[in-house]
Amino acid sequence: MEVWPGKAYPLGATYDGAGTNFGLFSEVADKVELCLFDADGTESRVMLPEVDGFVWHGFIPNIEPGQRYGYRVHGPYDPAEGLRCNPNKLLLDPYSKAIDGNFDWNQSLFGYTFGDPDSRNDEDSAASMPKSVVINPFFDWGNDRSPGYEYADSVIYEAHVKGLTQTHPDIPDQIRGTYAAVAHPAIIEHLTSLGVTTLELMPVHHFANDSTLLERGLTNYWGYNTIGFFAPDFKYSSSPNPGGQVQEFKAMVRTLHEAGIEVLLDVVYNHTAEGNHLGPMASFRGIDNPAYYRLVEDDKRYYMDYTGTGNSLNVGHPHSLQLIMDSLRYWVTEMHVDGFRFDLASTLAREFYDVDRLSTFFELVQQDPTVSQVKLIAEPWDVGPGGYQVGNFPPQWSEWNGKYRDTVRDYWRGEPATLDEFAYRLTGSADLYEHTARRPVASINFVTAHDGFTLRDLVSYNEKHNEANGEDNNDGESHNRSWNCGVEGPTDDPEVNALRARQQRNFLTTLLLSQGVPMISHGDELGRTQQGNNNVYCQDNELSWIDWENADTELMEFTRTVSALRAAHPVFRRRRFFSGDTVRGHGGTAGLPDIAWFAPDGSEMSDEDWESGFAKSIAVYLNGHGIPYLDVRGQRVIDDSFLLCFNAHYEPIEFAVPPSEFAAGWLPVVNTAADAEADQPEVAAGEKVSVEARSVLVLHAPLE
1 MEVWPGKAYP
11 LGATYDGAGT
21 NFGLFSEVAD
31 KVELCLFDAD
41 GTESRVMLPE
51 VDGFVWHGFI
61 PNIEPGQRYG
71 YRVHGPYDPA
81 EGLRCNPNKL
91 LLDPYSKAID
101 GNFDWNQSLF
111 GYTFGDPDSR
121 NDEDSAASMP
131 KSVVINPFFD
141 WGNDRSPGYE
151 YADSVIYEAH
161 VKGLTQTHPD
171 IPDQIRGTYA
181 AVAHPAIIEH
191 LTSLGVTTLE
201 LMPVHHFAND
211 STLLERGLTN
221 YWGYNTIGFF
231 APDFKYSSSP
241 NPGGQVQEFK
251 AMVRTLHEAG
261 IEVLLDVVYN
271 HTAEGNHLGP
281 MASFRGIDNP
291 AYYRLVEDDK
301 RYYMDYTGTG
311 NSLNVGHPHS
321 LQLIMDSLRY
331 WVTEMHVDGF
341 RFDLASTLAR
351 EFYDVDRLST
361 FFELVQQDPT
371 VSQVKLIAEP
381 WDVGPGGYQV
391 GNFPPQWSEW
401 NGKYRDTVRD
411 YWRGEPATLD
421 EFAYRLTGSA
431 DLYEHTARRP
441 VASINFVTAH
451 DGFTLRDLVS
461 YNEKHNEANG
471 EDNNDGESHN
481 RSWNCGVEGP
491 TDDPEVNALR
501 ARQQRNFLTT
511 LLLSQGVPMI
521 SHGDELGRTQ
531 QGNNNVYCQD
541 NELSWIDWEN
551 ADTELMEFTR
561 TVSALRAAHP
571 VFRRRRFFSG
581 DTVRGHGGTA
591 GLPDIAWFAP
601 DGSEMSDEDW
611 ESGFAKSIAV
621 YLNGHGIPYL
631 DVRGQRVIDD
641 SFLLCFNAHY
651 EPIEFAVPPS
661 EFAAGWLPVV
671 NTAADAEADQ
681 PEVAAGEKVS
691 VEARSVLVLH
701 APLE
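With full-length UniProt numbering applied, the sequence shown covers 1 to 704.
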């Protein structure tokens, strides 16, 4: 086979119309074989002829898209020194743009003989390995462009490709559970009707299904087990052709963009699917183990684990950092995604040991002209020491606000001493983000996410019920800050069910009308249940999929109403924190504060009121008449004003609305205690209005 020297950059397999250039980094290799596979699995080996800067490379004419390949790396095998090269193990290209096939779990995939971790196993693994695929990089993007929403105008919807689409009755059977299904008009119509601007997909990077799960009849459903940081997983593709998943993914993004919906990816750069020293030899481990992984300093047989998965990517090594940055740029420039949510992002900040917000990774992101311009969202914790870093990420980043989730849950289940904390979370968490010159949009607000109870289960269960996972209910979080409203699980009691429905409306109203960026977990607006399972990572079945047939349509319509209210009024999506200062009134009238807090009796909140541990009720005035900033068009924002009355008490509370200088009258626009929409009378200044037990009443004072 004819082999030309080729180029050391870019890494991976790059088709140019005449052939394919292959490049693989390994600092420890003595030589590298490229292995090409025919459709019937016949293997041909080619020694890569050139090495520059530890990049082994070669160009082979006439190698076209669809070609399956892998590598065999010759080099030292000395686990005690962290070296694990073994040319008997076929390895996936870390820069694979597509991967075809699944792991056939058996002894050959492992570098040691079962039962003897310090041994060396030389069984050939090629027949049991998935293969990297040369892709067609060309795609007709047309006039595609990112919708480019400002954070403040964004509503994020976290979804799983399969869970979102698998049971939708309007989606053809042959594409359910795929990228094509996400782009189906039925899904797009649902998202746009909710006011969703941004679809955040759970991991689509190619991932491995753990053998331990498969043995129990389960699967790695969530996908937080990445083995290919450039490859959209073929398991979510309706295309039968190797590499066809790339074209299908691009078509999905283009269609969503045409509908005005951004696409974010949940990315898992903190670890890989190879696990600890007992894991398989699938890619990184056999190519350059000490470059890709953090090893225990005194015994390099073992891996540092800040993720709970067995290994942590070595972000202290320049090539691992290059891998991450190359991957991020690829997804933005070639796949046109609009941003990322970083799983266990604290791990990426551990350049040495401690979490360091000035680490090289953040410096690279800061100066990168491509990656720095998209949405960057951190899950600001990991399982290592000092890993909980909510509020501590650099100014360019937004964060999943775990404190928002915990506080809002506690407030609505009636926990004491949450009122002042609740006020911080409702107004954008200035206590967490203002000191680093960030804005309210640094807070990604959420009550539920993929990890934990659904919204319906949050109000239906006190305890997790994860028996289906086969781990004796020991997996998943035990402290959920949930409340079952008096009965554990399903019930025919109409009062309990009515309270549960109201609590779901309370959470959604609080979420959508808080300052910051709201994130809805898929199906929460439809009353989705997982029957009390708060860890469905391994459940690829009806337990985890949205049940479209039994969707709660009333809750869906309610969600649409509140989301539309948020979209219509900038006062709910401010770009700056409230100050409490007086701002100029509409038409030059006497000013009012931009925000004011009231006790139910109509008096402004005092220090004593805030410190009262038993208080469960509060009203907040949001002044839309003089928001002190310009919008994106340079126009001064003038909006209506609102009074939000929150009552987490178990009895109705009479709220006195503010005096006439705030507004002559107030019109109820959202009432979570109302069973159905009904005209409600205007409330005059100074009058009292009853707010039902455990409910929210939103009052609107239109511009005069």
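For each residue, glycine too, the CB sits at the ideal point set by N, CA and C.
Asked                                                                                                                                                                            : Found
Quick check for students: name the residue ranges of the beta strand (DSSP E) that lie wholly in the region 357-443, counting only runs of 3 or more.                            : 375-378 and 398-400
If you reduce the DSSP assignment to three classes, tell me which class G587 lands in.                                                                                           : Residue placement at G587 cannot be trusted, given a pLDDT of 48 that sits under 50; the coordinates are not used to answer.
Note down the Cα distance separating W448 from V263, rounded to an integer number of angstroms.                                                                                  : For the sequence presented, residue 448 should be read as Thr rather than Trp. Between T448 and V263, the C-alpha separation is close to 20 angstroms.
Using the beta-carbon count (16 or more within 10 Å), is Q504 buried or exposed?                                                                                                 : buried
If contact is defined by three or more beta carbon pairs under 8 angstroms, each pair taking one atom from either stretch, is the region 15-28 in contact with the region 53-67? : yes
Could you say which of V155, A181 and S154 lies nearest to Q166 if we only look at CA atoms?                                                                                     : A181
Where G115 and D153 are concerned, what is the direct C-alpha to C-alpha distance, given to the nearest angstrom?                                                                : 56 angstroms
Three or more beta-carbon pairs under 8 angstroms between the region 461-477 and the region 370-379, yes or no?                                                                  : no
In or out: G588 buried (at least 16 other Cβ within 10 Å) or exposed?                                                                                                            : Bear in mind that a pLDDT of 45 at G588, under 50, signals an unreliable position, so the model cannot answer this.
What residues match up with T582 in a beta bridge as DSSP calls it?                                                                                                              : P593
Looking at the unbroken alpha helix (DSSP H) that takes in P61, where does it start and where does it end?                                                                       : Counting along the chain, P61 falls outside any alpha helix (DSSP H), though it belongs to the beta strand (DSSP E) covering V55 to P61.
Smallest Cα separation from residue 705: which of A684, D338, V161 and G428?                                                                                                     : Summary: the structure shown does not reach residue 705, with the chain confined to residues 1 through 704, and so no result is reported for it.
Grab me the residues of T418's own chain with a C-beta within less than 7 angstroms of its C-beta, minus the 5 sequence neighbours each way, in chain order.                     : T407, D410 and Y411
What are the boundary residues of the alpha helix (DSSP H) that E477 is part of?                                                                                                 : Unbroken run through E477: none, as it is neither H nor E.
Touching or not, the region 216-224 and the region 100-116, by the rule of three or more beta carbon pairs under 8 angstroms?                                                    : no
Could you tell me the distance, in whole angstroms, from the CA atom of D298 to the CA atom of P65?                                                                              : 45 angstroms
Flag this pair as yes or no: are the beta carbons of D93 and Y77 separated by less than 8 angstroms?                                                                             : no
Considering Cα atoms alone, identify which of A648, D639 and I595 is closest to K616.                                                                                            : A648
With a threshold of 8 angstroms, are at least 3 pairs of Cβ atoms found where one atom belongs to the region 206-219 and the other to the region 247-261?                        : no
Within a Cβ cutoff of 6 angstroms, which residues of the same chain sit near S690, ignoring the five residues on either side of it in sequence?                                  : P652 and E654
Which of the three DSSP states, helix, strand or coil, is assigned to D100?                                                                                                      : strand
Is the region 304-320 touching the region 266-284 in the sense that three or more CB pairs, one from each, lie closer than 8 angstroms?                                          : yes
When the distance is taken between beta carbons, is T427 closer than 8 angstroms to F646?                                                                                        : no
According to DSSP, simplified to helix, strand and coil, what is N21?                                                                                                            : strand
Do the CB positions of L592 and F662 come within less than 8 angstroms of each other?                                                                                            : yes
Using only CA atoms, which one of P702, E692, L214 and P659 lies nearest to L667?                                                                                                : P702
Under a three-way DSSP split, which group does T448 fall into?                                                                                                                   : coil
Tell me, to the nearest whole angstrom, how far the beta carbon of D100 is from that of V133; I am working on the premise that it is less than 8 angstroms.                      : 5 angstroms
Secondary structure at P318, three-state DSSP: helix, strand or coil?                                                                                                            : helix
Between the region 282-290 and the region 360-376, are three or more C-beta pairs nearer than 8 angstroms?                                                                       : no
By Cβ distance below 7 angstroms, which residues in the same chain neighbour A596 in space, the five residues on each side in sequence not counted?                              : E604 and Y621
In the DSSP assignment, find the beta strand (DSSP E) that holds P49 and state where it starts and stops.                                                                        : No beta strand (DSSP E) contains P49, which DSSP labels as neither H nor E.
Can you give me the start and stop residues for the alpha helix (DSSP H) that S695 sits inside?                                                                                  : Unbroken run through S695 is the beta strand (DSSP E), S695 to A701; no alpha helix (DSSP H).
My parser needs the alpha helix (DSSP H) runs of 4 or more residues fully inside the region 194-236; what are they?                                                              : 211-215
Let's see if you can read the secondary structure: which residues bound the alpha helix (DSSP H) around E611?                                                                    : D607 to E611
In its own chain, which residues sit with a C-beta less than 8 angstroms from the C-beta of Y69, not counting the 5 before and 5 after it?                                       : A13, F22, L34, C35, L36, F37, D93, K131, S132, V133 and V134
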